[in-house]
Structure formats: structure tokens, C-alpha cells
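S.K.: The number in this note's numbering is simply the position in the sequence shown, starting from 1, with 432 added.
This is the structure, below, for whatever I ask next.
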Amino acid sequence: MQMTCNIDAKGKMFRLITGIISCSFGISLFILINTNIITSTAYLLPAVGSILGGIFAVWEARAGWCLVRSLGIKTPI
């Protein structure tokens, strides 16, 4: 599968912002778990998933390539 640019500037900005927000949420959740403010480790998987998903969204914004669009699904942004 060739990765050609399939999103415009508006889509790149949207993915960048959502990626930064997702990473920030995951890091905040991870800090709350490590400082024992949240005592359950059940939130560890969502924290890691949020960070990894955010990193992927930032990468999509940087590359100008959207995985969902490459699968043929039309996205509004």
C-alpha cells in the first residue's frame, strides 16, 4: 500500500489537535495513576492506548496520510 497524501490542510490540523489532546489526556491519566490519586491500575491500558493513538494521529497529520481514508472510507474532515 503506497502512502500518498490523502488529506488536506484542514484534515491535517484536525488530526494534529486531536493527537495532542489524546496524548495530553493519556499522560495526565498516567501521572494520576503513578501518584496514586487513581488507585486502580485498570486505567493503565486506556492511558497507554490514548498516548499511542495520539502519537499515531500526530504522525498522520505530519505525513498527510489517513489510515481510514486509505481503506476507502470517506471522512468528513
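For each residue, glycine too, the CB sits at the ideal point set by N, CA and C.
Using the Cα positions of Ile465 and Ile509, report the straight-line distance between them to the nearest angstrom.
M.R.: In the sequence shown, the residue the question calls residue 465 occupies position 33. In the sequence shown, the residue the question calls residue 509 occupies position 77. Computed Cα separation, rounded: 34 Å.
S.K.: Tell me, to the nearest whole angstrom, how far the beta carbon of Ala489 is from that of Arg447; I am working on the premise that it is less than 8 Å.
M.R.: Along the sequence shown, one-based indexing puts residue 489 at 57. Along the sequence shown, one-based indexing puts residue 447 at 15. At roughly 5 Å, the Cβ-Cβ gap stays under 8 Å, so Ala489 and Arg447 are in contact.
S.K.: Just curious, the alpha helix (DSSP H) that Met445 is in, first and last residue?
M.R.: Numbered from its first residue, the sequence shown carries residue 445 at position 13. Note, Met445: alpha helix (DSSP H), 441 to 466.
S.K.: What do you get for Ala493, buried or exposed, if any count of 16 or more other CB atoms within 10 angstroms of its CB means buried?
M.R.: Walking along the sequence shown from the start, residue 493 turns up at place 61. Classification for Ala493: buried.
S.K.: Run through DSSP, which three-state label would Pro508 get?
M.R.: Counting from 1 along the sequence shown, the entry for residue 508 is found at position 76. Pro508 falls in the coil class under three-state DSSP.
S.K.: Check this for me: beta carbons of Gly486 and Gly458, under 8 Å apart or not?
M.R.: Position 54 of the sequence shown, counting from 1, holds the residue named residue 486. Position 26 of the sequence shown, counting from 1, holds the residue named residue 458. Yes, they are a contact pair.
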